[in-house]
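The structure appears below as structure tokens.
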Amino acid sequence: MTYSLIVGNWKMYKSISEATTLINAIKAGVRAATEVNIAVCVPFTALQAANEALQGSKIDLGAQNMHYESEGAFTGEISPLMLKEVGCRYVILGHSERRQHFKESDELINKKVLAALKYSFIPIVCIGETLEQREARQAFEVVKKQFEGSLAHLEAKDLERIVIAYEPVWAIGTGKTATPEQAEQMHSYIRRLLIEKYGDDTASKVRILYGGSVKPDNITQLMEKPNLDGALVGGASLKAESFIQIVTNSTHLSGARGN
Ligand code: PGA
């Protein structure tokens with residue numbers, strides 16, 4: 496049985512003390528949520544405090560980016576070993592904001608994914624089309640290219656430790672969620688790509704999260720779709736109340752695919 500996975504992406508928000516307060520509130524609120532995996536991906540400066548605050552809870556810690564080398568002359572970068580040291584289990588890679596503002600390519604993201612696996616993280620690899628691309632009917636082509644490029648050189652056994660997040664760029668931070676049908680259409684397409692490349696068994700083990708304006712009032716309908724295995728939540732993860740509600744509203748639907 497694979498539980499659904501709800502991940503908070505805090506982006507560039509929260510000081511150290513704010514992070515501690517938010518985590519304590521989330522911890523208290525999700526105590527009863529047993530059949531769901533939960534993680535928070537916090538800013539680098541708050542990782543250590545977050546790790547301490549999360550001790551004794553079932554919530555995992557994650558980072559939002561990582562360099563692919565273990566150390567070296569890479570001013571301003573963070574290495575896998577540094578993230579290990581502060582207790583990270585997950586790392587978000589290839590988020591559309593990194594692709595857009597920091598010009599991250601599929602090739603670079605792929606190097607990071609391979610490094611994440613080497614250091615036993617669970618990478619959350621983000622893919623998704625822009626509004627322009629969707630309107631030009633290129634969404635599937637773009638997602639396929641990002642899928643193939645970002646997840647190149649992986650073996651089937653690696654796939655079991657990969658999480659894919661489909662995040663249509665036009666739905667991120669805009670309040671404009673993909674409809675459950677639009678999301679399911681792309682998720683089932685990604686599942687087909689996985690089946691073609693790695694076979695049914697492996698493909699069924701990969702969790703595909705949806706991200707883009709996920710809120711307490713739309714999570715239930717999204718999670719009812721068979722190929723949605725969880726959510727990557729930005730804005731609504733910054734308040735304990737909404738994040739707890741999202742976790743609670745997705746709990747009873749976990750394992751909908753029955754694996
Ligand atoms: P959002 O962000 O929930 O604020 O739309 C999602 C994300 O960027 O991961």
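Taking this note's numbering, I'd label the letters of the sequence shown as residues 496 to 754. Positions of the beta carbon are idealized from the N, C-alpha and C atoms, including for glycine.
By DSSP, does residue 706 sit in helix, in strand, or in coil?
strand
Leaving aside the five residues before and after residue 534 along the sequence, list all residues of the same chain whose C-beta is less than 6 Å from its C-beta, in chain order.
502, 555, 557, 585
Shortest alpha-carbon distance to residue 647 belongs to which of 737, 692, 729, 725?
692
Grab the span of the alpha helix (DSSP H) containing residue 696 for me, first residue to last.
695 to 700
For the pair the region 646 to 663 and the region 605 to 623, tell me if three or more CB-CB distances fall below 8 Å.
yes
Please state whether the Cβ-Cβ distance between residue 729 and residue 668 is less than 9 Å.
yes
Sequence-distant residues of the same chain with beta carbon closer than 7 Å to residue 581, five excluded per side:
542, 543, 546
Is there contact between the region 734 to 746 and the region 693 to 701, where contact requires at least three CB pairs shorter than 8 Å?
no
Can you check which of these residues, 595, 587, 601, 517, is closest to residue 704 by C-alpha distance?
587
Complete beta strand (DSSP E) runs within the region 501 to 556 (minimum length 3 residues, chain order)
531 to 536
Inter-residue spacing [alpha-carbon to alpha-carbon] between residue 740 and residue 594:
30 Å
Around the Cβ of residue 562, are there at least 16 other Cβ atoms within 10 angstroms (buried) or fewer (exposed)?
buried
How many Å lie between residue 604 and residue 560 at the Cα?
10 Å
Suppose contacts are defined by Cβ-Cβ distances below 9 Å. Is residue 454 in contact with residue 679 by that definition?
This structure gives no information on residue 454, because the portion of the chain shown stretches from 496 to 754.
Any heavy atom of the ligand PGA closer than 8 Å to the beta-carbon of residue 667?
yes
Boundaries of the beta strand (DSSP E) in which residue 660 is found, first to last residue:
658 to 661
Say the cut is 8 Å; is the CB of residue 519 nearer than that to a heavy atom of the ligand PGA?
no
Identify whether residue 581 lies in helix, strand or coil by the three-state DSSP scheme.
coil
Could you name the residues that DSSP lists as bridge partners for residue 667?
Partner(s): none; residue 667 has no beta bridge.
Residues near residue 635 in its chain [Cβ-Cβ closer than 7 Å; skip 5 each side]
684
For residue 498, name the three-state secondary structure that DSSP assigns.
coil
Span separating the alpha-carbon of residue 677 from that of residue 723:
11 Å
Which residue or residues does DSSP assign as beta-bridge partners of residue 622?
661
Please work out which residues of its chain come closer than 7 Å, Cβ to Cβ, to residue 579, disregarding the five sequence neighbours upstream and downstream, and give them in chain order.
614
CB-CB under 6 Å to residue 522, same chain, minus the five flanking residues each way: which ones, in chain order?
552
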